[in-house]
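Participant:
Numbering (the working numbering), first residue to last: 83 to 211.
Okay, here's the thing in structure tokens:
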């Protein structure tokens, strides 16, 4: 969700609570906002805990990850998909990589925490002569 939309909805909840019920409505609106923020934090911690149990930069199938990617996907959702933290390849532009056992690797470029592009690099197979 766009942060401006989220903050706009939070402000609208506070205003609606104030005009509907006064101070108790404002307190209810504030409580709803805090609850929503705690749910988002809990989700992030759960994803990071699951990713912390896996090897860094490993994914069961790089081809399957490649097929599930799309532009605009946030880093948190990609970590949730891979169940692993990626290997950082560069900082500017921000590039992260995940590889599987066969040597296939997916490199994802991020801008402001969102996926902008990705590439799938497969190992070169030697031809038997």
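Just so you know, even glycine gets a beta-carbon here, dropped at the ideal spot from N, CA and C.
If you run the structure through DSSP and keep just helix, strand and coil, what is residue 131?
Facilitator: Here the question's residue 131 lines up with position 49 in the chain shown. Residue 131 falls in the helix class under three-state DSSP.
Participant: May I have the straight-line CA-CA distance separating residue 178 from residue 127, to the nearest angstrom?
Facilitator: Taking the chain shown and counting its residues from 1, one reaches residue 178 at position 96. Taking the chain shown and counting its residues from 1, one reaches residue 127 at position 45. Rounded to whole angstroms, residue 178 to residue 127 spans 20 Å at the Cα level.
Participant: Mind listing, in chain order, the continuous alpha helix (DSSP H) runs of no fewer than 4 residues lying wholly within the segment 106-164?
Facilitator: 144-150 and 157-164
Participant: Can you grab the Cα-Cα spacing for the pair residue 185 / residue 168, in whole Å?
Facilitator: One-based indexing of the chain shown puts residue 185 at position 103. One-based indexing of the chain shown puts residue 168 at position 86. So the two alpha carbons sit approximately 15 Å from each other.
Participant: Give the straight-line distance between the Cα atoms of residue 201 and residue 94, rounded to the nearest whole angstrom.
Facilitator: The residue labelled residue 201 in the question sits at position 119 within the chain shown. The residue labelled residue 94 in the question sits at position 12 within the chain shown. Between residue 201 and residue 94, the C-alpha separation is close to 41 Å.
Participant: For residue 91, which of helix, strand or coil comes out of DSSP?
Facilitator: The residue given as residue 91 occupies position 9 in the chain shown. Three-state DSSP puts residue 91 in a helix.
Participant: Three Cβ pairs or more, each shorter than 8 Å: is that satisfied between the segment 188-202 and the segment 140-149?
Facilitator: yes
Participant: Could you name the residues of the same chain whose beta carbon sits closer than 6 Å to that of residue 176, not counting the 5 residues immediately before and after it, in chain order?
Facilitator: Taking the chain shown and counting its residues from 1, one reaches residue 176 at position 94. 192.
Participant: Suppose the cutoff is 6 Å on Cβ atoms and the five residues either side in sequence are ignored; what does the same chain contact list for residue 140 look like?
Facilitator: As a position in the chain shown, residue 140 is number 58, starting the count at 1. Result list for residue 140: 166, in chain order.
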